[in-house]
Amino acid sequence: MNISIGILSLQGDFPKHEEAFRRLEVRTRQVRTEGDLDGLSGLVIPGGESTTLSRLLIPAFAGTPDSIGGFAERLRDFATAHPVWGTCAGMILLCKDAGDARVTCLGLLDAEVIRNGYGGQVHSFETDLAIPSLNEKVKPFRAVFIRAPRVTKVGPDVEVLARLDDPRFHGEPVMLRRGNLLATSFHPELTDDLRVQQYFLEMF
Ligand code: GLN
């Protein structure tokens, strides 16, 4: 595929995303500055810490809620015209609100989350998801949740591609799509199953 995908590489598990796309023979580029976005076909915002990512993306005292300024503003512009996929902390940044003053959401995806909504590190879990858009008849998708955001509100234009089947959290959304934006509260890059990456590639 003749595209080049940027991987936001300020913090978090960006090498795992690079590795997954390498296996699919898709070119990637680490994005560390605004200029690194030039010429890219799309972008992945990896998991990590949304608080830290916010601090790195938004210069102190810059901007207002309408104009957050800096690298974040450039990312927002990029995401209006290119496919962007956020995993876990990346999902938090794409959403409208995370209920935490230390996090600056980009407000691109009409959804709200609670950070660490399924508990802390010791409550991390794996579960099978039925994801109709991923040819689930082959097998369910084994999803890894690590201090994942819990989706509490989804706007009418946002498509829910997967929900939890766990009795404790039954029916809660974990994979969202709106146009060129994709968000997963789990980490497909930590498994050998490349179907979410393939789904993302079909958005180009
Ligand atoms: N809990 C983290 C946050 O708030 C996200 C964890 C992750 O990306 N695995 O940013």
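Residue numbers for the sequence shown follow our numbering, beginning at 1296 and rising by one. Built from N, CA and C at the ideal position, the CB exists for glycine as well. Model, not experiment: these values are computed from the prediction.
Annotation: the continuous beta strand (DSSP E) that includes A1438 extends over F1436 to F1440. In the DSSP assignment, K1448 forms a beta bridge with E1407.
Secondary structure remark: continuous alpha helix (DSSP H) runs of at least 4 residues inside the region 1303-1386, in chain order: 1309-1318, 1345-1352 and 1365-1376. The beta-carbon distance between P1310 and F1495, rounded to whole angstroms, is 18 Å. This is too long to meet the 8 Å contact definition. Just measuring C-alpha positions, the residue of R1327, S1299 and R1463 sitting nearest L1319 is S1299.
Of all alpha-carbon atoms in G1474, G1394 and G1301, the one lying nearest the alpha-carbon of R1327 is that of G1301. Taken through DSSP and simplified to helix, strand or coil, E1467 comes out as coil. Taking C-beta atoms as the reference points, R1410 and A1393 count as a pair closer than 8 Å. Here DSSP, grouped into helix, strand and coil, assigns L1389 to helix.
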